[in-house]
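Q: Last residue of the sequence shown: number 576 in our numbering, and the count goes up by one each step with no gaps.
All residues carry an ideal CB built from backbone N, CA and C; glycine is no exception.
This structure is in structure tokens; I'll ask about it shortly.
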Amino acid sequence: MSPQTHPEQQAFLLRSIAEQLRLPPVKALIKEPGVRGVYRVTIYYHDRRGRDSCATLVDRHMSGVLLSISYRGLFAQKPIIHNIPESRYENLGGGLQKLRFDHMADQPGMPLYGLDFWMIERAAGSFVHSVIIAPQTAEKIYAQLAETIRTHLPEVLRTIS
416 MSPQTHPEQQ AFLLRSIAEQ LRLPPVKALI KEPGVRGVYR VTIYYHDRRG
466 RDSCATLVDR HMSGVLLSIS YRGLFAQKPI IHNIPESRYE NLGGGLQKLR
516 FDHMADQPGM PLYGLDFWMI ERAAGSFVHS VIIAPQTAEK IYAQLAETIR
566 THLPEVLRTI S
């Protein structure tokens, strides 16, 4: 088993994926005119079975909900875009609200390496919050968080190698 670490080490790793893909932080996206809400799921694959990815779900007042998924090292950093029904967006938000996502801390006891890591972020108004999990070892509320993402945003979990 690898040594235990502080979540900020995983946060640095996960945020670097979005930076390498040249994606703006969620706190910048939420400030854009017409943006009502932003969710982002960043995935790091420890064993390289899939490309690290960053999926951003943005609800814009006039253009609806779009999910853009960017993969590190593929498609010249151009995202794959999906239109998402408003009902799915609302169901995702409701699922996260049931878990009290906005008050969750990062999953405790994660090792520095040897597992996949997900960072789930939410931004609304001036509020921004993120939670880091290792889905293979997630228990209780963290396992429910992983299942909420699997249920409402299955596109973000499709691996491309």
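Which first and last residues belong to the alpha helix (DSSP H) in which residue 566 is found?
A: 556 to 567
Q: With a threshold of 8 Å (Cβ to nearest heavy atom), would residue 447 be considered close to the ligand MG?
A: The model depicted lacks the ligand MG and carries no ligand whatsoever.
Q: Could you check the C-alpha separation between residue 553 and residue 424 for me, to the nearest Å?
A: 18 Å
Q: DSSP three-state label for residue 447, please.
A: coil
Q: Candidates 501, 495, 514: which alpha carbon is nearest residue 574's?
A: 495
Q: Determine the burial state of residue 485: buried for a count of at least 16 other Cβ atoms within 10 Å of its Cβ, exposed for fewer.
A: buried
Q: Can you tell which of 536, 526, 540 has its C-alpha closest to the C-alpha of residue 469?
A: 536
Q: Within the continuous alpha helix (DSSP H) that includes residue 486, where are the two ends?
A: In the DSSP annotation of this structure, residue 486 is not part of any alpha helix (DSSP H); the continuous beta strand (DSSP E) holding it starts and ends at 479 to 486.
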